[in-house]
Amino acid sequence: MFRNVGWSFLKNKSTILQNHNHIAKNFYSISTENHSHGGFQLQSHFISLIHACKTTQQLKQVHSQILLHNLSQNSWVITQFISTSSSFKSINYSISIFQHFLHPNSFVFNAIIRALSDNTQFQNSISHLVLMLRLNLKPDRQTFPFVLKSAGALFAGGLAGALHAQIAILGVEFDSFVRVSLVDMYVKLEMLDLTLRVFHETPERNKLGSILLWNVLINGCSRAGDLGQASELFEAMPERNTASWNSLINGFMRIRDLERAMELFFRMPEKNVVSWTTMLAGFSQNGDPERALAMFHRMLEEGVRPNDHTVVSALSACTRVGALEAGVWIHNYVSSNGFRLNREIGTALVDMYAKCGKIESASRVFCETKEKNLLTWSVMIWCWAIHGCSEQALQCFERMKSTGIKPDEVVVLAILTACSHSGLVDQGLIFFNSMRFDHLIEPTVKHYTCLVDLFGWAGRLEEALSFIESMPIKPDFVIWGALFCACRAHKNIKMAELASEKIQQLEPRHIGSYIFLSNIYAAVGRWEDVERVRLTMKNRGVEKDPGWSYIEVEGQVHSFVAGDRGHKRSEDIYLKLEELVLGAREQGYMPDTGWVLHNIEEEEKEDALGSHSEKLALAFGLISTPPGMAIRIVKNLRVCGDCHSMMKYASKMSNREIILRDIKRFHHFKDGACTCMDYW
DNA sequence: ATAGGGTTAG
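In terms of UniProt numbering, the first sequence is residues 1 to 680.
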């Protein structure tokens, strides 16, 4: 009878309460909590049984015994049960046990609130605090740390004050655990002034043992980018541990001060896996994936075992530079060192393979990854999209929806991108409208840009323009840039000039606007206008984006900038390049000087077009890999049109596949053609 | 007689 009484919390809370009161009146006397000596022994016996369980399977066997021995209403046993199944990530099992418990006391509530918080059901954990208060049960010092963690994780700023007040009312404000959690919640909510206020109100703050409080605070200052204050606190604190150092290092990494971060890292007395991971992730995020990977190998040499975070960060570094071999090495390392292919690692591997040009391997790992969330699906769909595989992207999207996952604005953006790369105008419009009206997602400027690409690719320029003009939000320079690219591809100079004007109004110092304008003049051979733009740009001192290309050869990543002569095989590279140009000319290649503005400074020093970073990487790839082997190049900007054309010739002449990733998409060159169909 | 807080990632 007891077992059949379930609580469905989320559906109707007032029914729950009526249920509870009814049950309380009628069945309280049959409570099986047993205070006799024999009952205590039985209870202890089951608690040790629960603690001995290693899997949910075993736990379920103990559960059936608990039911047989009439202990399913014993709060001591049930508390242990909830915590243990939660630690096995079987949160639904924890919830079910809780729901079959008729008169939960504060211990049982604390257990479920903690379990929900530990299993990222933050909203639900707060709902249980509310329920607890409704049942007139007093939350205590054991309740709040988890509730506060949930509020921080939910970024629920509106809750902060109410929880703080409740804590004060219940008189647990100065419990050290509650205190740390309170400070940490304000940190997560990015309320630095309140964080500091709570810290300064803490009487114990200068005593030994308050290290956590200081660490949380240093982390808060680091997140807020106030490294001056973080450093001061670090110096002033009564004692330090590895986490203190780690938090400060992370802060310097966040403000891109690699030197200070490194200095601290080398100076710290003891490094743990977090220290190494923080450095690795910091290098990777600050555009130095090579040093990031070096960190990974160094930590292995030092015998530090990486954890999931480390692996994800290392894979992300590979992804940035297209280091396929390094990525495969990490994949092997993970498989043979007892790492589980969980959601985080699975997603990172999918991203790595796809962005290194191995879309089939990405798809395989995606299938092997059993735990998928919205992010996992988004990454896969996004990858199909940038590879121009719109059919797979659309299929994947439908499969995602059929598993019950609701699309968000990011995944819709991926789908629209897929449509625009394949000219699926009508299909794209259907998704766009479905996003707004079925899923009630408000489109962002990025979605509108995608639609402009969509019309543009299909050559429907008038529709693209009227679409921009009818947008409910103000068009930015990126969207005009999209229109501009469409005009260039379809040689509509009048509309291109309009777009270019808009771009220059919105972003007068942005190099893109000059490049755009120069490109369009070059496309129709108005060379004096090209020169005029170049001079304007020079006079205004517009800085160029440094363009670089990466290529991995034998597990080693080589990077090139335009006009680069720093590589040790530089001479051979330029010889090969000359040979390529000559060969291509015989086949009809003409240097497309409309693209020189990409590297205006080098133009003065070098033969600008001829030494773009992607061409150097290509030449190096050709001379340093065996014939027939595919060449993979990663470029940080959009590939230049002249290089794009050269790649086509090169793929034909060398009889090789060239896989080039630029900032926007993948280009697969084969037999003189590219999968992007010359529109990107 | 039940029990707990911070640092790294996509």
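C-beta atoms are modelled at their ideal positions from N, C-alpha and C, and glycine is treated no differently.
Status (buried if at least 16 other CB within 10 Å, exposed otherwise) for residue i
i: K372; result: buried
i: T310; result: buried
i: H164; result: buried
i: I573; result: buried
i: K355; result: buried
i: E344; result: buried
i: P139; result: buried
i: H22; result: With a pLDDT of 39 at H22, under the threshold of 50, the modelled position of that residue is not reliable, and no figure is offered here.
i: G327; result: buried
i: V524; result: exposed
i: I430; result: exposed
i: L213; result: buried
i: Q73; result: buried
i: G251; result: buried
i: S559; result: buried
i: S378; result: buried
Rounded separation between residue i and residue j - CA only
i: L394; j: I95; result: 36 Å
i: H667; j: H421; result: 11 Å
i: R205; j: V274; result: 25 Å
i: R534; j: C389; result: 38 Å
i: E554; j: V412; result: 38 Å
i: P306; j: C318; result: 16 Å
i: I47; j: I66; result: 10 Å
i: S44; j: L131; result: 29 Å
i: L192; j: G152; result: 13 Å
i: E235; j: L208; result: 15 Å
i: M514; j: R267; result: Going by the sequence as given, residue 514 is Tyr instead of Met. Roughly 47 Å separates the two Cα atoms.
i: L622; j: R665; result: 22 Å
i: S611; j: E579; result: 13 Å
i: Q80; j: F98; result: 11 Å
i: D662; j: S117; result: 41 Å
i: D529; j: I520; result: 10 Å
i: Q504; j: I113; result: 55 Å
i: C419; j: V178; result: 51 Å
i: L221; j: Q285; result: Strictly speaking, residue 221 in this sequence is Cys, with Leu absent from that position. For C221 and Q285, the distance between alpha carbons rounds to 20 Å.
i: N246; j: T278; result: 7 Å
i: Y353; j: A224; result: 34 Å
i: V452; j: A464; result: 5 Å
i: Q392; j: M537; result: 43 Å
i: V77; j: F146; result: 21 Å
Residue i in three-state terms, based on DSSP
i: I255; result: coil
i: V634; result: strand
i: V639; result: coil
i: T79; result: helix
i: E603; result: Confidence in E603 is poor, its pLDDT being 40 and thus under 50, which makes the residue's placement too unreliable to answer from.
i: E507; result: coil
i: V304; result: coil
i: I249; result: helix
i: A458; result: coil
i: S284; result: helix
i: S624; result: helix
i: V334; result: helix
i: M268; result: coil
i: T347; result: helix
i: V542; result: coil
i: I663; result: coil
i: Q41; result: helix
i: M646; result: helix
i: E239; result: coil
i: G322; result: coil
DSSP bridge partner residues for residue i (one or two, in chain order)
i: E371; result: Per DSSP, none; premise fails for E371.
i: Y550; result: S559, V634
i: I658; result: I631, F669
i: C674; result: F669
ask   = In the segment 351-435, which residue ranges form an unbroken alpha helix (DSSP H) of at least 4 residues, counting only runs that do not cross its ends?
value = For the segment 351-435, whole alpha helix (DSSP H) runs of length 4 or above, ordered along the chain, are 359-368, 374-386, 390-402, 409-420.
ask   = At what residue ranges does the segment 510-535 contain a whole run of the alpha helix (DSSP H), taking only runs of 4 or more?
value = You should have 511-523.
request  = Would you list, in sequence order, the uninterrupted alpha helix (DSSP H) runs of no fewer than 4 residues that lie entirely inside the segment 142-225?
outcome  = Counting only runs that start and end inside the segment 142-225, the alpha helix (DSSP H) elements of at least 4 residues fall at 144-153, 157-169, 176-188, 192-200, 211-223.
key: Segments assigned alpha helix (DSSP H), at least 4 residues, entirely inside the segment 51-123   = You should have 56-68, 75-87, 91-99, 106-118.
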